[in-house]
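A.B. asks: Take this structure, written in structure tokens, and hold onto it; I'll ask about it next.
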Amino acid sequence: MDHLDQLEAQSVFILREAYRKLKPLAMLWSLGKDSNVMLWLARKAFLGRVPFPVMHVDTEKKFPEMYKFRDEYTEKWNLDLLLGYCPPVEKMDPTLPPAARSAARKTAGLAAMIEKHKLQGVIAGIRRDEQGTRAKERVFSPRGASHKWDIRNQPPEFWDQYATPHEDGVHIRVHPLLAWREIDIWRYIEREGIPIVDLYFSKNGKRYRSLGDKDITSPIDSEASTLAEIITELETTRTSERAGRAMDHESEDAFERLRVAGYL
Amino acid sequence: MSETLTATTVIDPIDRDVALESATPIVIVGHVDHGKSTLIGRLLYDTDNLEEGKVAQIIESSKKRGLTIEWSFLLDSLQIERDQGVTVDSTRIPFRLGNRQFVIVDAPGHRQFLRNMITGAADADAAVLVVDANEGAQEQTRRHAMLLRLIGIRHIIVLLNKVDLLNFDEQKVRAVEQSVTDLLAQLDLTPSLFIPASARDGDNIASRSERSPWYKGPILTEALAEVPDGNIRATLPFRLPVQDVYRFDDKRYVVGRIERGVVRVGDELSIGSQNGTARVASIERWSAPVRDEAAAGESVALVLEPDVIPARGDFLYSPHQAPEKSARIRANLFWLRQEPLRAGETFRLRLATAEHQVTVASIDSVLRLDDLTEQQADEVGPEGFAEITLVAGEAIQFDPFSPGTSDGRGVLVDRNQRIVGGAPLLGPATVAAGSHAIHPSGGEVSTSERARGKGHKARVIWLTGLSGAGKSTIARLAERKLYSDGIDAYVLDGDTLRMGLCSDLGFTEADRHENVRRAAEVAKILAQAGQVVLVALISPLRADRALARKIIGEEFEEVFIDTSLATCEERDSKGLYRAAREGKIENFTGISAPYEAPEKPDLHIAADKGDAGQNAIKLTDYILSKVR
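Chains as they are written, first to last, in the working numbering: chain A, 1 to 264; chain B, 265 to 892.
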């Protein structure tokens, strides 16, 4: 088994645990590269099916290419798509910096969906290498009634034995991609032929490395217009992936505050 | 710093293939302030493994706090960690050295965070144990070394840090080396290597130090590159713990991850809980090349012929290479709960995908961290290490844990689904001569068979109430009536127990607790034999009755014989209240010791009213409704 085989086997194991233990269960689909890989892994785990709903928490500020992609693959992959919308930015915590406030809308939209569908498990495509606070996450991360992430009081997690909900109002965030790195994602997309939004590929010297809302995501300078070129580019770059995501950089703890409050 | 990236650099094709190899997890442990985080920051920097953004962040953060450059900030990227100056949780950092991939696991040294440490370190192949050469091994050095042993990490590099404080004096360094060697030897651990280093200054980390010319061994990066990649799992006999069984489009798939060995289409496999075998008809994959075999580490979907339905937790294995099978298992233990563990407690043992109810039959020894000796003890304290014996109601299939494998490691889970301990299994336990082991019940005759034979179910009816409340009287009357109705009922009376089984016990809180425990254990055995047991015992404390409920399990019914203190004292059939009031009896319930009434008894009999006969009928009716 090579590195990608190992990551795949572990993610499949995690998805099967989630499917067995958490009901009702849903997977978040942000339409980005990571969540497409996650969907693909679900189909690996369940022999071509995605046996639970897929949720898109829509900020209504995504790129048109992303909406087009969503509609196309919902049909192609026979997905049970749940749509949720986010409250207006004026309702968010005014002490957060502007971009983080904008990102917080997604947290509120997600919370509403979890509530509405009484979800016990939410599968999300975060990775440890994206950001320092995400590096601290568990594969099965319990969230209390307020959806808050209690960093100081995380359950032990070892030997592939994961936390299970033990009381009402607790749901579990499941993170099957936690151990993947950005480059693994790209190599896997290349190996498996996983479709992605073409905003990731260079046009006129610019491409997106990470996709979020239109107004708080910026492209990087890049000539990489194929998967092979993106992979080569990543092998030679040392700039962090989320450099183009405004909310991470406004203040030292902005992203941590978002996460503690339930952001992905 | 520019964000411009160019795709023109050509990566050496050989290099790229190697980069696809799996990463070796390396855990870095050591006593707080011995320099782990500094070491990691330094290592990443010196080996060019830092993202540009990160270096800038560290410099920025260090500046804000008036420091020049603080390597440990790299890992402590959480605000709260920086403010407290300790690493709260474990972090995993991908790291590349030449052609090899690693994942560095940073485990915190702070004492109460053992559970985070085990979370980080549990799947590591090798460890770097950082020891401050000036201070030598400390409490957490011993604790972490013990944990390395329990999780089976045998490749240990000891980094003697801060040797600059010893002026790189060879003799002094060798002396520290010897003391650490002796310490690890007590735990059957042999370090692969000692490296004298200064993480802060970078000596012998990624470049050879000129300050320690006497040291000829490998520096840290060289040592890491030599860590054996010991995947032996595929060469062992086949084991697949069943994770789930799916039925899609009229086809049944048995899914799970292969823990050991290799499986091929056509193989004959035994199925843990079932007699007989099944053949592997196909190995199913989606969007992947067809292969008719799969090996350890792979998550597979098998189609079996005939179409048997295993349960989650069943082992699939080669018929002639069966795992161990025993209802009594010896295990190592690291204990994560804040309250100590005592023998007699019941948990769920999660073992790969299986889950079994187990009772801690005995605590065989507890490790004393001060001198690393094994001691006899009645309990395992928080964050303690011990050897214990677990018993289950049924035989459990398992492979004893050995380093380099990923199974044979159980976790103990409490009633609230919390993981409270890790238990690498050692092997089947034999009952030594003269041991006090309790044998597991549930032999060849099942509970339902016994119930059918007797014509009723078993129950333990636990009557609690003040002395003189009428517990024994009501119980005896009910016993008579039940027996006449064909119910095999029997009374365990508190006074009778104290005459014999519990004659060594007094009335202190500890003795009362033990009295309750023994009564519960006896009642449990009688119930397992199919009887309806009426326990008449004051059992004044809620905690004690909770213990009885825990020991007995589902069959436990709590009945409150509620007679007021005034009535009991007025009756005083045994003259005890008077003696207690006169101070002749100490610790008398209701007078000089507390009685905690049940909050929600299964049956409440207000025994101030009605005579004993009427109350006995009430009790009898209740019992009949439960056992028939």
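Note that the Cβ used here is the ideal one computed from N, Cα and C, for glycine as well.
1. What does DSSP give as the partner residues of residue 504 of chain B in its beta bridges?
2. Compare the C-beta of residue 492 of chain B against all C-beta atoms of chain A and say whether one is closer than 7 Å.
3. CA-CA distance, residue 44 of chain A and residue 550 of chain B?
4. Exposed or buried, residue 473 of chain B, counting other C-beta atoms within 10 Å across all chains shown (16 or more means buried)?
5. Which first and last residues belong to the beta strand (DSSP E) in which residue 55 of chain A is found?
6. Have a look at residue 150 of chain A and residue 380 of chain B and give me their C-alpha separation to the nearest angstrom.
7. Roughly how many angstroms separate the alpha carbons of residue 583 of chain B and residue 541 of chain B, rounded to a whole number?
8. Roughly how many angstroms separate the alpha carbons of residue 700 of chain B and residue 694 of chain B, rounded to a whole number?
9. So, is residue 885 of chain B buried or exposed, given that buried needs 16 or more other C-beta atoms within 10 angstroms?
10. Are residue 613 of chain B and residue 463 of chain B touching if we call contact CB-CB under 7 Å?
11. In terms of residue numbering, what span does the beta strand (DSSP E) encompassing residue 89 of chain A cover?
12. Between B:534, B:766, B:510, B:678, which lies nearest to residue 600 of chain B when the distance is taken from Cα to Cα?
13. List the residues of chain B that residue 192 of chain A touches, going by C-beta distances under 8 Å, in chain order.
14. Quick check on this structure: which residue in A:178, A:227, A:80, A:214 has the alpha carbon closest to the alpha carbon of residue 200 of chain A?
15. Check the Cβ of residue 47 of chain A against every Cβ in chain B and list those closer than 7 Å, keeping chain order.
16. So what does DSSP say about residue 8 of chain A, is it helix, strand or coil?
17. At a Cβ threshold of 7 Å, is residue 661 of chain B touching chain A?
18. Can you list, in chain order, the residues of its chain with a C-beta nearer than 7 Å to that of residue 702 of chain B? Leave out the 5 residues immediately preceding and following it.
19. Check residue 871 of chain B in the structure and name its three-state DSSP category.
20. Using a Cβ cut-off of 9 Å, pull out every chain A residue sitting near residue 680 of chain B, in sequence order please.
21. Am I right that residue 108 of chain A and residue 86 of chain A are in contact with their C-beta atoms under 8 Å? What's the rounded C-beta distance?
22. Using 8 Å as the threshold, is the stretch 685-694 of chain B in touch with the stretch 818-834 of chain B, meaning 3 or more CB pairs across them?
23. Report the residue ranges of all alpha helix (DSSP H) runs contained in full by the stretch 747-822 of chain B; include only those spanning at least 4 residues, in chain order.
24. At which residues does the beta strand (DSSP E) containing residue 878 of chain B begin and terminate?
25. Contact between the stretch 191-205 of chain A and the stretch 422-439 of chain B: three or more CB pairs below 8 Å?
26. Starting from residue 310 of chain B and walking both ways along the alpha helix (DSSP H), at which residues does that stretch end?
27. Flag this pair as yes or no: are the beta carbons of residue 270 of chain A and residue 120 of chain A separated by less than 7 Å?
28. Output, in chain order, the set of chain C residues within a Cβ distance shorter than 7 Å of residue 356 of chain B.
29. Go ahead and pull the three-state DSSP assignment for residue 608 of chain B.
30. Compute the Euclidean distance between the alpha carbons of residue 782 of chain B and residue 675 of chain B, then round it to the nearest angstrom.
31. Check the Cβ of residue 12 of chain A against every Cβ in chain B and list those closer than 7 Å, keeping chain order.
32. Using the Cα positions of residue 776 of chain B and residue 805 of chain B, report the straight-line distance between them to the nearest angstrom.
33. Express the C-alpha separation of residue 146 of chain A and residue 812 of chain B in angstroms, rounding to a whole number.
34. Considering only residues of the same chain and omitting the five flanking positions on each side of residue 862 of chain B, which have a CB-CB separation below 6 Å?
35. Output the distance between the C-alpha atoms of residue 360 of chain B and residue 313 of chain B, rounded to the nearest integer angstrom.
36. For residue 111 of chain A and chain B, any beta-carbon pair shorter than 7 Å?
C.D. replies: Result, derived from the coordinates:
1. B:580
2. Not an interface residue.
3. Rounded to the nearest angstrom, the two C-alpha atoms are 5 Å apart.
4. buried
5. 54-58
6. Rounded to whole angstroms, residue 150 of chain A to residue 380 of chain B spans 13 Å at the Cα level.
7. 8 Å
8. Residue placement at residue 700 of chain B is poorly supported in this model, since its pLDDT is 45, which falls under 50; the coordinates still yield a value, given next. If I take the Cα positions, the gap works out to 12 Å.
9. Under a 10 Å Cβ-count criterion, residue 885 of chain B is classified as exposed, with fewer than 16 other Cβ atoms of the shown protein chains found around its own Cβ.
10. Taking 7 Å as the Cβ cut-off, residue 613 of chain B and residue 463 of chain B do not qualify as a contacting pair.
11. No beta strand (DSSP E) contains residue 89 of chain A, which DSSP labels as neither H nor E.
12. Of the listed residues, the one whose Cα sits closest to residue 600 of chain B is B:678.
13. 551
14. A:227
15. 512, 517, 548, 550, 565
16. helix
17. It does not; no Cβ of chain A falls within 7 Å.
18. At residue 702 of chain B the pLDDT is 45, less than 50, meaning the model places this residue with poor confidence and gives no usable figure here.
19. coil
20. Residues of chain A passing the Cβ test: 166, 167.
21. 6 Å
22. The stretch 685-694 of chain B vs the stretch 818-834 of chain B: no contact.
23. 758-763, 773-792, 806-816
24. Here residue 878 of chain B belongs to no beta strand (DSSP E); instead the alpha helix (DSSP H) covers 876-891.
25. Output reads no: the stretch 422-439 of chain B does not touch the stretch 191-205 of chain A.
26. Residue 310 of chain B -> alpha helix (DSSP H) spans 300-310.
27. Residue 270 of chain A is absent from the model: chain A starts at 1 and stops at 264.
28. No chain C is part of this structure, whose protein chains are labelled A and B.
29. coil
30. 28 Å
31. Within 7 Å Cβ-Cβ: 563.
32. 9 Å
33. 36 Å
34. Result list for residue 862 of chain B: 822, 824, in chain order.
35. 7 Å
36. no
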